[in-house]
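Residue 0 is where the sequence shown starts when you use numbering that gives the first Met the number 0, and the numbers rise one by one after that.
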Amino acid sequence: MSSRLVGVAVRKVVCLGDPVLRAPARRLSPKELASPEVQRLLEEMAVTMQEYEGVGIAANQVGEGLSLFLMGLPEKNSRHPAGIPLTAVCNPEVRFVDDEMETDWEGCLSVPGWRGQVERHKKLELSGLDHKGKPFTRVFEGFPARVIQHEWDHLNGKVYLDRMKDLLTLCYTGR
Ligand code: NI
Numbered sequence: 000m001s002s003r004l005v006g007v008a009v010r011k012v013v014c015l016g017d018p019v020l021r022a023p024a025r026r027l028s029p030k031e032l033a034s035p036e037v038q039r040l041l042e043e044m045a046v047t048m049q050e051y052e053g054v055g056i057a058a059n060q061v062g063e064g065l066s067l068f069l070m071g072l073p074e075k076n077s078r079h080p081a082g083i084p085l086t087a088v089c090n091p092e093v094r095f096v097d098d099e100m101e102t103d104w105e106g107c108l109s110v111p112g113w114r115g116q117v118e119r120h121k122k123l124e125l126s127g128l129d130h131k132g133k134p135f136t137r138v139f140e141g142f143p144a145r146v147i148q149h150e151w152d153h154l155n156g157k158v159y160l161d162r163m164k165d166l167l168t169l170c171y172t173g174r
């Protein structure tokens with residue numbers, strides 16, 4: 000992905016209640032992924048994620064019902080010091096490697112101001128196309144695996160609130 004994102008528009012993140020967040024995303028052909036429009040969308044999603052200080056963003060969160068998400072987090076942050084390299088994934092497929100689960104806090108740019116505890120698989124195998132259309136399969140564990148499950152849910156019309164087992168953990172943070 001281009002690191003020269005000067006002049007790329009920050010998109011508005013849609014909030015829960017918008018039907019686009021509840022509709023399953025459409026898969027893209029490699030040709031569509033390579034189109035200037037979709038490459039531009041990926042750049043816009045990247046600057047939008049940075050602007051909103053998110054760790055991940057799905058295309059439907061900026062109103063586009065396409066099977067695309069991004070994740071990324073700078074190193075030495077408090078949530079996951081190792082960071083996550085900026086990664087674009089098209090047509091993601093997730094396969095759970097085992098039954099080991101982990102509960103931790105999640106928030107969502109489309110549910111601003113709230114945090115809740117969500118149980119997720121600790122480890123998964125992610126397959127998809129990278130931003131250049133190259134197929135890949137890779138195992139992720141811990142925080143990046145959590146982000147992937149959250150974004151994959153978005154592309155299936157789900158949000159983390161649907162996954163919460165105990166709504167009593169829901170907290171308003173005002174941010
Ligand atoms: Ni989200």
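Glycine included, C-beta positions come from ideal geometry on N, C-alpha and C. Bear in mind that the values here come from a model prediction, so they are computed numbers and not experimental data.
- Beta-bridge partners assigned by DSSP to R114: C170.
- For V46, the enclosing alpha helix (DSSP H) has its first and last residue at 35–50.
- Judged by the Cβ position, L108 qualifies as a neighbour of ligand 1 at the 7 Å threshold, a heavy atom of the ligand being closer than this.
- In the three-state scheme derived from DSSP, where H, G and I count as helix and E and B as strand, K122 is classed as strand.
- At a threshold of 7 Å, H153 counts as near ligand 1, since its beta carbon sits closer than that to one of the ligand's heavy atoms.
- The region 93–104 and the region 35–50 do not touch, with fewer than three beta-carbon pairs separated by less than 8 Å.
- Around the beta carbon of V88, a 10 Å sphere encloses 16 or more other beta carbons of the protein chains shown; the residue is thus reported as buried.
- Taken atom to atom, the span from the alpha-carbon of L125 to that of R137 is near 5 Å.
- Of the heavy atoms belonging to ligand 1, at least one sits nearer than 7 Å to the Cβ of H149.
- Contact between C107 and V158 is confirmed by a C-beta separation of about 6 Å, below the 8 Å threshold.
- In the three-state scheme derived from DSSP, where H, G and I count as helix and E and B as strand, A87 is classed as strand.
- In this structure, the CA atom of A144 is about 13 Å from the CA atom of R78.
- Between the region 83–97 and the region 62–72, the count of C-beta pairs closer than 8 Å reaches three or more; the two stretches touch.
- For the region 131–170, the continuous alpha helix (DSSP H) assignments of 4+ residues that do not extend past its boundaries occur at 142–154, 159–162, in sequence order.
- Cβ-Cβ separation between E140 and K164: approximately 22 Å, too far for a contact (criterion under 8 Å).
- In the DSSP assignment, A57 falls within the unbroken beta strand (DSSP E) covering 55–57.
- Residue environment for R10: buried (at least 16 other C-beta atoms within 10 angstroms of its C-beta).
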